[in-house]
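**Student:** Quick note: the sequence shown uses the numbering used here, first residue 8, plus one each step. Backbone N, C-alpha and C define an ideal beta-carbon position, used for all residues, glycine too. For reference, the structure I am asking about is given below.
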Amino acid sequence: MKARVTVTLKAGVLDPQGQAIEGSLKSLGFSGVAAVRQGKVFDLVLDGTDEAAARSALTSMCEKLLSNTVIENYAVEISN
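So, in structure tokens, the structure goes:
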């Protein structure tokens, strides 16, 4: 089973890397970019076929390691 975890900064948390990317895009001539927020994506391959158990394990992984839940949100997608 495959899973994708997407981690993004919560609204209101400053994103200096996103601001740097936004400035670089503008300096490269890409107009029309109003704002950039950066994040992280984790692709995992999991053993087993129990989606509920996988979702529970992934939530635990996110809470303990993959995200800083004080300043970040995460979303879990599972596919077979």
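Short check: CB of F49 to CB of L65, under 7 angstroms?
**Tutor:** Not closer than 7 angstroms, so no.
**Student:** Taking Cβ positions only, does E84 come closer than 7 angstroms to chain C?
**Tutor:** Protein chain content of the structure displayed is limited to a single chain, and chain C is not contained in it.
**Student:** Beta-carbon separation of G46 and T76 under 7 angstroms?
**Tutor:** By the CB criterion at 7 angstroms, G46 and T76 fall outside the cutoff.
**Student:** Under the three-state reduction of DSSP, which class applies to G30: helix, strand or coil?
**Tutor:** helix
**Student:** Beta-carbon separation of A59 and I85 under 7 angstroms?
**Tutor:** No, they are not a contact pair.
**Student:** Which ranges does the beta strand (DSSP E) cover as unbroken runs of at least 3 residues, wholly within the region 29-66, from first to last along the chain?
**Tutor:** 46-52
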